[in-house]
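Asker: Sharing a structure here in structure tokens format.
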Amino acid sequence: EAEVAQSPRYKITEKSQAVAFWCDPISGHATLYWYRQILGQGPELLVQFQDESVVDDSQLPKDRFSAERLKGVDSTLKIQPAELGDSAMYLCASSLIPGGIYEQYFGPGTRLTVT
Amino acid sequence: LAKTTQPISMDSYEGQEVNITCSHNNIATNDYITWYQQFPSQGPRFIIQGYKTKVTNEVASLFIPADRKSSTLSLPRVSLSDTAVYYCLVAMNRDDKIIFGKGTRLHILP
Numbered sequence: 075e076a077e078v079a080q081s082p083r084y085k086i087t088e089k090s091q092a093v094a095f096w097c098d099p100i101s102g103h104a105t106l107y108w109y110r111q112i113l114g115q116g117p118e119l120l121v122q123f124q125d126e127s128v129v130d131d132s133q134l135p136k137d138r139f140s141a142e143r144l145k146g147v148d149s150t151l152k153i154q155p156a157e158l159g160d161s162a163m164y165l166c167a168s169s170l171i172p173g174g175i176y177e178q179y180f181g182p183g184t185r186l187t188v189t
Numbered sequence: 080l081a082k083t084t085q086p087i088s089m090d091s092y093e094g095q096e097v098n099i100t101c102s103h104n105n106i107a108t109n110d111y112i113t114w115y116q117q118f119p120s121q122g123p124r125f126i127i128q129g130y131k132t133k134v135t136n137e138v139a140s141l142f143i144p145a146d147r148k149s150s151t152l153s154l155p156r157v158s159l160s161d162t163a164v165y166y167c168l169v170a171m172n173r174d175d176k177i178i179f180g181k182g183t184r185l186h187i188l189p
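As given, the protein sequences belong to chains A and Y, one line each in that order. To convert, note that position 54 of the first sequence is 128 in our numbering; the numbers rise steadily by one, no gaps. To convert, note that position 38 of the second sequence is 117 in our numbering; the numbers rise steadily by one, no gaps.
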């Protein structure tokens, strides 16, 4: 069964350093999502791509976060500089069709710890 | 996007049927109800989705009354491996995103 791949699985970084996460969605899925999940809470959408275009980045802290999906396939989420409050699980998801009712397939996530 | 309310946590025992109720008082005509399951250190996984009455699959059943202001996820004969967080979501097919609340933390005891 096809899966969403993410790397690294775990990342420890110091405050003010740069960090990047990578996601490879299920083949053929045009819609890609990045979520942030703080411990004990549900995932929060950071950015949504349709192919290589950003559809929604209203919750992305643009002063330090950036996301790209240059060829409309895999994607990178970057934080620079990292802050203590960025410690969380970063989840990538993809779906075949955009739309809230369509199943999203999530990757295993990247657990970020900022010290 | 309709707001949902569900219990923060529930405990049950192996072999029991578990019912998790979700309230969505301001659900709109075109909204669908979707449930996701999340195990520790994993991403959420789609379980079931419905619009009205009853939907059943190999994992769960979803009961939706006529007024659609609430729904109930039913897990038959739970096992320890059903310990997870369960999220109730409401979304329209025209909405590009879904909003996760805090979910219901289900703990199955032996």
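By construction, the Cβ of each residue, glycine as well, lies at the ideal position given by its N, Cα and C atoms. Keep in mind the model is a prediction, meaning the values are calculated, not measured.
Taking 8 Å as the threshold (C-beta atoms), are alanine 92 (chain A) and lysine 136 (chain A) in contact?
Answerer: For lysine 136 (chain A) and alanine 92 (chain A), no; Cβs fall outside 8 Å.
Asker: For chain A, check one thing: does any of its Cβ atoms lie closer than 8 Å to the Cβ of phenylalanine 118 (chain Y)?
Answerer: no
Asker: What residues of chain Y sit near proline 182 (chain A), judged by a beta carbon separation below 8 Å?
Answerer: Ser120, Gln121 and Gly122
Asker: Along the beta strand (DSSP E) that carries alanine 141 (chain A), what are the first and last residues, could you check?
Answerer: Alanine 141 (chain A) -> beta strand (DSSP E) spans 139-142.
Asker: Output yes if chain A places a C-beta closer than 8 Å to the C-beta of threonine 113 (chain Y); else output no.
Answerer: yes
Asker: Between the C-alpha atoms of leucine 159 (chain Y) and valine 138 (chain Y), what's the straight-line distance to the nearest angstrom?
Answerer: 14 Å
Asker: Are the Cβ atoms of proline 86 (chain Y) and threonine 183 (chain Y) separated by less than 8 Å?
Answerer: yes
Asker: Can you give me the Cβ contacts of serine 88 (chain Y) inside the same chain, cut-off strictly under 6 Å, excluding the 5 residues immediately before and after it?
Answerer: Cβ-Cβ distances below 6 Å link serine 88 (chain Y) to Arg184 in the same chain, with the five nearest sequence neighbours on each side left out; the list follows chain order.
Asker: Straight-line CA distance for isoleucine 175 (chain A) to arginine 138 (chain A)?
Answerer: 31 Å
Asker: Using a C-beta cutoff of 8 Å, does aspartate 148 (chain A) count as contacting chain Y?
Answerer: no
Asker: How long is the line joining the alpha carbons of glutamine 124 (chain A) and proline 172 (chain A), rounded to whole angstroms?
Answerer: Their Cα atoms are separated by approximately 8 Å.
Asker: Mind listing the chain A neighbours of glycine 129 (chain Y)? Cutoff is C-beta to C-beta under 8 Å, in chain order.
Answerer: The contacting residues do not exist; glycine 129 (chain Y) stays about 11 Å from chain A at best.
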